[in-house]
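Below you'll find the structure, written out as structure tokens, and then a few comments.
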């Protein structure tokens, strides 16, 4: 424990800027994953335990596309769409068979895919850590704010994620598609009686959630290293985010993810060994004071 | 309903123990004894998870926490404090009960999937603690230096044969205790809460308290499984607290069947056999295991023992099991 270091950081503008931006980008990546998880749960009422593996797939897809084509834009696009498609196929072929059954069966199906994908990644890309490095377009000197470092890529990442959050929020609350999704979430039987193809809604939402996870993976590649099994820690953090923010709420996922990102970033200075513990403490506090999560309606 | 009889069950337990003790004479290979010891650790662990999942309807995804906690508490007590085995065993039980009480009190009020989430999250907290706290736990290398096994009451656990008997005895005693627990009024209260928590609370049962109690009992027995494994490998590894342990336990109880008390025992033995088989054939262990689990989850849903029992029940009168509708908490 190093409280002094943490206080010193709070007192210094440069450290404050560096830690805040660092926290913001982890928070943003976390948001993309958690939003997909939350969206899928809110609509389909199933927990996609392999959501972290989709994030991992996105990262490896982007890694390969970038190495082949040299274009990061293409890599991000390709990874997001590729993982979206993978999610769609997974939902149609496997997940849809266990809707409405025991939650343990859903867990087992996801568990089997986590195992299969981790091993597949090891076979295709190797078991060792991989890293791509910063794409050429972002290899420029970082912006200095009050003595703190702010890499250009961070701005790009934050910008894209904010855009995604806005589009997602708009899509769900303001459009006809969003209305259909919400109807299918609240009362699927009634929705299908009114002529809504709930099977298609489910498949679409699952694909969208997977796409978000793939996007997060692709955006994480320049700032994280790649390894089989990298998806699991972000899965756990996404759980915590959805518990804090309230399940099924996109706004909750955003606030929860940013909180967790910042708590992690500053916690790593003050309590380097116990960063995860801080997150849990934080979550427990919120659960005790507001058991439904910050934005959750009903538990 | 059959009347539970302690005397008869104790007789069965003693007979079972005698059978287990005699087995090495028929199968003298060391690998056989090793298998039984590992299987007893995982069988206790899986059965304790089924107390929650099958009987109480509390679907915990983080039960591996107690397996890891039991293994580490016991190994550390033996290694760092040099206590005797019975003392370390008792202290480990106490530590597991305490941690289960705290985590249970936080998790139990949450419903269904939130409960599953949080238990898993707490397990990963223990895992990251073990990894980070290198000075005590040895970090990702696991505990080095071995777990001392001093003799007590004429039992020398350094002797493989004594260790074998110790594991079998612990297995039989643990299963006996859990069996009696699920036949007791407490066990039936659990089933009632699983099927209709609101009705139970109208009848004056403090649902929250009973659930926390179930969580504590399961945590204690899960920890005893951890003690056995740390005695067997003479160490403790972070893998014991990793989420895959919980995943495997869930697969074990699903493989054997949640609706039968001895399902998890069979499931544990089957999964360990499967493990040995797969590692012998291929290096892509998780790939093959994943495919097996997938086929199982999409095909054979009742579990093997459940499948056999169903056929059996057609000809025999109903035996007290957890009954139908396992693994789902009542709707609220």
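Residue numbers (this note's numbering), protein chains in the order written: chain A, 289 to 587; chain B, 63 to 394.
Note that CB positions come from ideal geometry on N, CA and C, so glycine has one too.
Source: prediction; values computed, not measured.
Please confirm whether residue i and residue j have their CB atoms less than 8 Å apart.
{"i": "residue 107 of chain B", "j": "residue 311 of chain B", "result": "yes"}
{"i": "residue 308 of chain B", "j": "residue 116 of chain B", "result": "no"}
{"i": "residue 278 of chain B", "j": "residue 152 of chain B", "result": "no"}
{"i": "residue 511 of chain A", "j": "residue 351 of chain A", "result": "no"}
{"i": "residue 396 of chain A", "j": "residue 355 of chain B", "result": "yes"}
{"i": "residue 359 of chain A", "j": "residue 552 of chain A", "result": "no"}
{"i": "residue 109 of chain B", "j": "residue 240 of chain B", "result": "yes"}
{"i": "residue 343 of chain A", "j": "residue 457 of chain A", "result": "no"}
{"i": "residue 46 of chain B", "j": "residue 91 of chain B", "result": "Any property of residue 46 of chain B remains undetermined from this structure, which presents chain B solely from 63 to 394."}
{"i": "residue 301 of chain A", "j": "residue 436 of chain A", "result": "yes"}
{"i": "residue 237 of chain B", "j": "residue 568 of chain A", "result": "no"}
{"i": "residue 543 of chain A", "j": "residue 503 of chain A", "result": "no"}
{"i": "residue 494 of chain A", "j": "residue 318 of chain A", "result": "no"}
{"i": "residue 128 of chain B", "j": "residue 288 of chain B", "result": "yes"}
{"i": "residue 185 of chain B", "j": "residue 126 of chain B", "result": "yes"}
{"i": "residue 170 of chain B", "j": "residue 270 of chain B", "result": "yes"}
{"i": "residue 158 of chain B", "j": "residue 281 of chain B", "result": "yes"}
{"i": "residue 514 of chain A", "j": "residue 347 of chain A", "result": "yes"}
Which class does residue i belong to by DSSP, given the choice of helix, strand or coil?
{"i": "residue 342 of chain B", "result": "helix"}
{"i": "residue 205 of chain B", "result": "coil"}
{"i": "residue 334 of chain A", "result": "coil"}
{"i": "residue 63 of chain B", "result": "The predicted position of residue 63 of chain B is uncertain, since its pLDDT is 47 and thus under 50; a value taken from the coordinates is nonetheless stated next. Here residue 63 of chain B sits in coil by DSSP."}
{"i": "residue 581 of chain A", "result": "coil"}
{"i": "residue 344 of chain A", "result": "helix"}
{"i": "residue 514 of chain A", "result": "strand"}
{"i": "residue 451 of chain A", "result": "helix"}
{"i": "residue 497 of chain A", "result": "helix"}
{"i": "residue 488 of chain A", "result": "helix"}
{"i": "residue 571 of chain A", "result": "helix"}
{"i": "residue 319 of chain A", "result": "helix"}
{"i": "residue 463 of chain A", "result": "coil"}
{"i": "residue 306 of chain A", "result": "helix"}
{"i": "residue 355 of chain A", "result": "helix"}
{"i": "residue 86 of chain B", "result": "helix"}
{"i": "residue 562 of chain A", "result": "coil"}
{"i": "residue 509 of chain A", "result": "coil"}
{"i": "residue 401 of chain B", "result": "Limits of chain B in this structure are 63 at one end and 394 at the other, which puts residue 401 of chain B out of reach."}
Figure out for me which residue from the options has the closest Cα to the Cα of residue i.
{"i": "residue 588 of chain A", "options": "A/304, A/326, A/312, A/293", "result": "Because chain A is modelled from 289 through 587, residue 588 of chain A falls outside the range shown and cannot be assessed."}
{"i": "residue 367 of chain A", "options": "A/529, A/471, A/498", "result": "A/498"}
{"i": "residue 622 of chain A", "options": "B/342, B/190, B/158, B/220", "result": "Residue coverage of chain A in this structure runs from 289 to 587, which leaves residue 622 of chain A outside it and unanswerable."}
{"i": "residue 580 of chain A", "options": "A/553, A/566, A/540, A/554", "result": "A/540"}
{"i": "residue 286 of chain B", "options": "B/194, B/73, B/229, B/209", "result": "B/229"}
{"i": "residue 296 of chain B", "options": "B/139, B/346, B/90, B/83", "result": "B/139"}
{"i": "residue 192 of chain B", "options": "B/345, B/353, B/155, B/131", "result": "B/131"}
{"i": "residue 207 of chain B", "options": "B/358, B/299, B/328, B/159", "result": "B/299"}
{"i": "residue 413 of chain A", "options": "A/542, A/547, A/517, A/299", "result": "A/517"}
{"i": "residue 292 of chain A", "options": "A/571, A/558, A/583", "result": "A/558"}
{"i": "residue 492 of chain A", "options": "A/470, A/513, A/481", "result": "A/470"}
{"i": "residue 384 of chain A", "options": "A/409, A/505, A/489, A/316", "result": "A/489"}
{"i": "residue 378 of chain A", "options": "A/546, A/337, A/575", "result": "A/337"}
{"i": "residue 234 of chain B", "options": "B/72, B/217, B/133", "result": "B/72"}
{"i": "residue 201 of chain B", "options": "B/79, B/83, B/304", "result": "B/304"}
{"i": "residue 173 of chain B", "options": "B/112, B/256, B/154, B/125", "result": "B/256"}
{"i": "residue 223 of chain B", "options": "B/96, B/357, B/327, B/119", "result": "B/96"}
{"i": "residue 426 of chain B", "options": "A/548, A/410, A/329, A/382", "result": "Outside the displayed span of chain B (63 to 394) sits residue 426 of chain B, for which this structure offers no information."}
{"i": "residue 421 of chain A", "options": "A/546, A/547, A/355, A/447", "result": "A/355"}
{"i": "residue 328 of chain A", "options": "A/417, A/566, A/538", "result": "A/538"}
{"i": "residue 215 of chain B", "options": "B/149, B/89, B/263", "result": "B/149"}
{"i": "residue 334 of chain B", "options": "B/251, B/98, B/245", "result": "B/98"}
{"i": "residue 78 of chain B", "options": "B/306, B/339, B/231", "result": "B/231"}
{"i": "residue 212 of chain B", "options": "B/352, B/147, B/227", "result": "B/147"}
{"i": "residue 526 of chain A", "options": "A/474, A/401, A/549", "result": "A/549"}
{"i": "residue 307 of chain A", "options": "A/573, A/438, A/340, A/577", "result": "A/438"}
{"i": "residue 335 of chain A", "options": "A/398, A/573, A/477", "result": "A/398"}
{"i": "residue 453 of chain A", "options": "A/487, A/545, A/373, A/473", "result": "A/545"}
Cβ of residue i within 7 Å of any heavy atom in the ligand NAD?
{"i": "residue 402 of chain A", "result": "The model on display carries no ligand, and the ligand NAD is accordingly not part of it."}
| said: Extract the residue ranges of the alpha helix (DSSP H) inside the stretch 283-335 of chain B, only unbroken runs of 4 or more that lie entirely within it. | reply: Whole alpha helix (DSSP H) segments, 4+ residues: 305-318.
| Cβ-based contacts, 9 Å cut-off: residues of the stretch 299-314 of chain A near chain B | Flagged: no residues at all.
| said: Just to confirm the assignment: which complete alpha helix (DSSP H) runs, minimum length 4, are found wholly within the stretch 208-286 of chain B? | reply: Counting only runs of 4 or more, we get 222-245, 247-257, 259-264.
| the stretch 156-174 of chain B: positions lying closer than 8 Å to chain A by Cβ | Listed by position, the residues of the stretch 156-174 of chain B near chain A (Cβ gap below 8 Å) are 168, 171, 172, 173, 174.
| request: Let me know the beta strand (DSSP E) ranges lying completely inside the stretch 382-442 of chain A, each 3 residues or longer, listed in chain order. | output: Listed in chain order, they are 431-433, 436-438.
| Which parts of the stretch 89-170 of chain B are runs of the alpha helix (DSSP H), unbroken and 4 residues or longer, counting only runs that do not cross its ends? | For the stretch 89-170 of chain B, the continuous alpha helix (DSSP H) assignments of 4+ residues that do not extend past its boundaries occur at 92-112, 126-138, 147-169, in sequence order.
| request: Pull out every residue of the stretch 544-578 of chain A whose Cβ sits closer than 9 Å to any Cβ of chain B, in chain order. | output: Of all residues in the stretch 544-578 of chain A, only 560, 561, 562, 563, 564, 565, 567, 568, 571, 572, 575, 576 come within less than 9 Å of chain B when Cβ atoms are compared, listed by chain position.
| query | Using Cβ-Cβ distances below 8 Å, what residues of the stretch 185-205 of chain B are close to chain A? | reply | Answer set for the stretch 185-205 of chain B: 186, 187, 190, 191, 194, 195.
| query | the stretch 406-417 of chain A: which residues have C-beta closer than 9 Å to a C-beta of chain B, in chain order? | reply | Here the close residues are 406, 407, 408, 410, 411.
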